[in-house]
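Using numbering that gives the first Met the number 0, the first residue of the sequence shown is number 0, and each one after it goes up by one. Backbone N, C-alpha and C define an ideal beta-carbon position, used for all residues, glycine too. Report on the structure given below.
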Amino acid sequence: MTESNEQDQLLKRINELAHKNKTVGLTTAEKAERKKLRDQYLANFREAFRSNIEMMRIYDKDGKEVTPEKVRQVQRKKGLRDD
């Protein structure tokens, strides 16, 4: 399952549980499932967001790279930069 598809499936089930919670309520097992799904969704989101930031290079209007040094260090550590 791809990351996007996994996120879509998690979000679909989270929304189903949210709807059920508003209409008839959730069982203890469903509340535990909702927490597990939310935690997994957030973990996946954070991982993808971190990866996007780590891959990013920022340039000013003159074309000079102004990527923050902290991001450059992470990129060097992961072998994404040669400088």
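In its chain, beyond the 5 residues on either side, Y40 have a beta carbon closer than 7 angstroms to the beta carbon of L10. Inside the segment 1-66, DSSP marks whole alpha helix (DSSP H) runs of 4 or more residues at positions 2-22, 27-54, from first to last along the chain. Out of A28, T27, V73, N43, the CA that lies nearest to the CA of T1 is found in N43. Residues of the same chain with a CB within less than 7 angstroms of the CB of A47, apart from the 5 flanking positions on each side, are E2 in chain order. Counting C-beta pairs with one atom in each stretch, the segment 17-24 and the segment 56-64 have fewer than three that are closer than 8 angstroms, which means they do not touch.
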